[in-house]
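Undergrad:
Chains as they are written, first to last, in our numbering: chain A, 1 to 308; chain B, 309 to 626.
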C-alpha cells in the first residue's frame, strides 16, 4: 500500500527456530498428495497474472486483442516493444529507472543506518528516557502517511525542495518499524558479553557499534534495507505529490503517466503494449532481489513477528 | 497516536553492571543519545512537525476575501457531515470487514499448510505466493485492470469462449470488489510470511506431545499453533487496518482505466488527495487527513483491546 512502510520488516530460518529441534518423526509418510495439489492450484492465482504479463510483453497491440491472453500468439514483438519503450520520448523510461534506483537505494541505505543506530541504542543502553522514546517510535508506526503527505508537501514547497530528489529521499528516511526490528534483532544478535569485553579492551562506544555491532547485525540490516527499498521503489503517493517534472519521475509515476496517455489518447493504442512492457521491466529488479536475498529477509521477518 | 501493546512486549535490557563508575555510565548515555539522535532529527522533521502543521492547518479556512481565517473546528464539523467523506469511510470499513478477513484467512491457511511440511515443493510455493508483494501497487493495478478488461482481458476471453456474456468487473457496483481482489493478491504472501515465520518458532515439544497423544493436524493447528502465534496475527491485522485506510494507488490507477466506475471519494485517502490537489481545499484536506489518522488509531486500539480481553478471559478460564 503506501509507504510509512510498516509493512516492512525482519530475517525466518536461522534465527527463527531457536529450540526447535529437527522433527524426529518427519519422514515421507507425512507428505500429502491432496494438500500438494490444492496448494499448487492456489499458487496459480498468484502466478497467472504475472504469467499473463510475461506473455503479453511479447505481443504487439493487434496480438493483444486477437490472441488468447495466457498463451503466446501473433507476432513475436518483444524486441520491438522494448525498443518502443526505451526510445519513448527520447529514452525517458531509462531515466525513470535510474531515478527509481537512486531514490530507493539512497533512502534505503539511510533508513537502514538510522534504524540500526537507534535500534542498537534502544537494545543495548539503559539511558534515561529510553522507554518513552521507544513507545513514541512504536506509536508512530500508526500515523498514516496521508496525514503527513499534505503538510510535508507544503513544508517542502516553502523550503523550495519540491520537485527535487530530496522531496522523495528525506521523508523515506524515517522507518519506525525498522527501528523496532533492529532493536529486536540487536537484543539477541549482539551479546552484552562482547560489548563488555570490547569496553574492557578500551574500545569506545562508537568503535564497538561500527566495528562489532554492525557486523553482527548483518541479516537484520539486509532485511530493513530490502523492505525500505521496496517501500520507496513501490511508492506512488509521495512522488506523485512532490514531483512535477517528468525527468524526475520514478517508474511508478512514469508508468501511470503513460497509462493515462494510453487511455486518454484513444487513437494512440500502441501505448498499451508499451505500458505492459514497462510494467514488466519495472518489476524484474525487485523480484530478482527478493529471490537472491531470500534467506535474509525470511529470517528477518521471523524475528519481528516472533518477538512482536 | 496510540502505542501498540502488540509491539511493546519487549524484553528488558540487561541492567548495566554495578562496578561501572558513574563517569563510564554518563559516557554510555551520551553514546546512546548520539546513536538515536540522527533518527530522531529526521523523525521530528518528517513526522512530528508535519503532523503538528497539519493539525494547525485544519483549524483554518481560506476565504476569497481575507485569506486564511481561523475557523475553529468548522472543518471537522463539515467532514463529519460530508456524505462523500462518510461514504468513503464506509467503503473502507467494508474493505476492513470483508477483504481483510479473507486475506488474512488465506494467509493463515497457507502458513499452516506450509508449516505442516506435507506438501511437495513447499519452498517454491512459499516464494511464488509471496512474489506479488514485490510488484508495485501501480503495476499490480494496471495489470489487473487489463486482466479485468472486456476487450483483451483473459477472463473475458475465457468466459466468451465458454459461451458466456462478457463479464463486467469495472462498473460502479463491482469496482470495490475488483479492488479487494487486487489488494488480496498483493498482500496474502506478505502476511503469510509473517505468520509462517512465527509458526516456525513454536517449540516443537509444544505440539509433538499433542500429536503423540493422537490429536489430529487440525486439532493441533486450532488449539496449539494458532493461539501461539496470536501476536503475529495481531501484527498483520494492525498493518492491514493501516493499509486499508490508506489505499491510494489502486483507486487512483483504476480511475485512469475505468474513470466512470471510480468516484473521487471511493476511498478516504484518495478523497483527501482529491480535495487537496483537485479542489485545492488544503485546510479541509488537512482536517480529513487528521480524522483519518484518528480513525486508524482508534480502530487499531479497539482491535488490540479486544484481543487482550479475550486472552485475559481465556487465561481466567483455564
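By construction, the Cβ of each residue, glycine as well, lies at the ideal position given by its N, Cα and C atoms. Source: prediction; values computed, not measured.
DSSP three-state label for residue 426 (chain B), please.
TA: Residue state, collapsed to three classes: coil.
Undergrad: For a cutoff of 8 Å on Cβ pairs, would you count residue 174 (chain A) as touching chain B?
TA: Interface residue, yes.
Undergrad: If you draw a straight line from the C-alpha of residue 274 (chain A) to the C-alpha of residue 435 (chain B), how long is it?
TA: Using only the alpha carbons, I get a separation of about 28 Å.
Undergrad: Just mark residue 288 (chain A) as buried or exposed, buried being the case when its beta carbon has 16 or more other beta carbons within 10 Å.
TA: Classification for residue 288 (chain A): exposed.
Undergrad: Could you check whether the region 150 to 159 of chain A touches the region 192 to 207 of chain A, counting it as contact only if at least three pairs of C-beta atoms, one from each stretch, sit closer than 8 Å?
TA: Contact fails: fewer than three Cβ-Cβ distances are below 8 Å.
Undergrad: Helix, strand or coil, according to DSSP, for residue 375 (chain B) in the structure here?
TA: Note: residue 375 (chain B) maps to strand in three-state DSSP.
Undergrad: Along chain A, in chain order, which residues have C-beta atoms closer than 7 Å to that of residue 588 (chain B)?
TA: Simply none; closest approach about 12 Å.
Undergrad: Out of A:36, A:292 and A:103, which has the shortest C-alpha to C-alpha gap to residue 418 (chain B)?
TA: Measuring from the Cα of residue 418 (chain B), the nearest candidate turns out to be A:36.
Undergrad: With residue 460 (chain B) and residue 64 (chain A) assumed to form a contact (beta carbons below 8 Å), what rounded beta-carbon distance in angstroms separates them?
TA: Between residue 64 (chain A) and residue 460 (chain B) the Cβ distance is about 5 Å, and since that is below 8 Å, they are a contact.
Undergrad: Between the region 465 to 492 of chain B and chain A, which residues of the former have CB atoms less than 7 Å from a CB of the latter, in chain order?
TA: The region 465 to 492 of chain B vs chain A, Cβ under 7 Å: 465.
Undergrad: Taking only beta-carbon positions, decide if residue 164 (chain A) is within less than 8 Å of chain B.
TA: By this cut-off, residue 164 (chain A) is not an interface position.
Undergrad: I'd like to know whether the C-beta atoms of residue 584 (chain B) and residue 595 (chain B) end up nearer to each other than 8 Å.
TA: Their beta carbons are not under 8 Å apart, which means residue 584 (chain B) does not touch residue 595 (chain B) by this criterion.
Undergrad: What do you get for residue 496 (chain B), buried or exposed, if any count of 16 or more other CB atoms within 10 angstroms of its CB means buried?
TA: Residue 496 (chain B) comes out buried.
Undergrad: What's the gap between the Cα of residue 338 (chain B) and the Cα of residue 250 (chain A)?
TA: Near 40 Å, if we compare the C-alpha coordinates of residue 250 (chain A) and residue 338 (chain B).
Undergrad: Please say whether residue 362 (chain B) and residue 598 (chain B) have beta carbons closer to each other than 8 Å?
TA: Contact: yes.
Undergrad: CA-CA distance, residue 376 (chain B) and residue 575 (chain B)?
TA: Each residue's alpha carbon lies about 28 Å from the other.
Undergrad: At least one CB of chain A closer than 8 Å to the CB of residue 337 (chain B): is that the case?
TA: Answer yes: the Cβ-Cβ gap between residue 337 (chain B) and chain A drops below 8 Å somewhere.
Undergrad: Anything in chain A within Cβ reach of residue 615 (chain B), meaning under 8 Å, just list it in chain order.
TA: By Cβ distance, chain A contributes nothing, its closest Cβ being about 13 Å from residue 615 (chain B), past 8 Å.
Undergrad: Could you have a look at residue 32 (chain A) and say whether DSSP puts it in helix, strand or coil?
TA: In this structure, residue 32 (chain A) counts as coil in the three-state DSSP scheme.
Undergrad: For residue 107 (chain A) and residue 176 (chain A), I'd like the C-alpha separation in whole angstroms.
TA: Cα to Cα, the separation comes out at about 14 Å.
Undergrad: Going by DSSP in three states, residue 177 (chain A) sits in which element: helix, strand or coil?
TA: Three-state DSSP puts residue 177 (chain A) in a helix.
Undergrad: Find the nearest neighbour of residue 369 (chain B) within the set B:590, B:504, B:455 and B:605, judged by alpha-carbon distance.
TA: Nearest option by C-alpha distance: B:590.
Undergrad: Please classify residue 281 (chain A): is it buried, with 16 or more other beta-carbons within 10 angstroms of its beta-carbon, or exposed?
TA: Residue 281 (chain A) comes out buried.
Undergrad: Shortest alpha-carbon distance to residue 447 (chain B) belongs to which of A:220, A:292 and A:284?
TA: It is A:284 whose Cα lies nearest to the Cα of residue 447 (chain B).
Undergrad: So, for residue 57 (chain A): in the same chain, excluding its five sequence neighbours on each side, which residues have a beta-carbon less than 7 Å away from its beta-carbon?
TA: Excluding sequence neighbours, residue 57 (chain A) sits near 78, 81, 276, 277 and 280.
Undergrad: If you measure beta-carbon to beta-carbon, which residues of the region 543 to 564 of chain B are closer than 7 Å to chain A?
TA: Answer in chain order: 543, 547, 550, 551, 553, 554, 555, 556, 557, 561 and 564.
Undergrad: I'd like to know if the region 519 to 538 of chain B and the region 555 to 570 of chain B are in contact, where contact means that at least 3 CB-CB pairs between them fall below 8 Å.
TA: Segments in contact, no.
Undergrad: Which residues does DSSP list as the beta-bridge partners of residue 368 (chain B)?
TA: Residue 368 (chain B) pairs with B:378.
Undergrad: Can you check whether the C-beta of residue 439 (chain B) is within less than 8 Å of a C-beta belonging to chain A?
TA: Residue 439 (chain B) counts as touching chain A.
Undergrad: Quick check on residue 28 (chain A): buried or exposed, where buried means 16 or more other Cβ atoms within 10 Å of its Cβ?
TA: With a pLDDT of only 48 at residue 28 (chain A), under 50, the local geometry of the prediction cannot be trusted, and the value read off the model is given with reservation. By the neighbour-count rule (16 or more Cβ atoms within 10 Å), residue 28 (chain A) is not buried but exposed.
Undergrad: Would you say residue 350 (chain B) lies against chain A (beta-carbon separation less than 8 Å)?
TA: Yes, because at least one Cβ of chain A sits closer than 8 Å to the Cβ of residue 350 (chain B).
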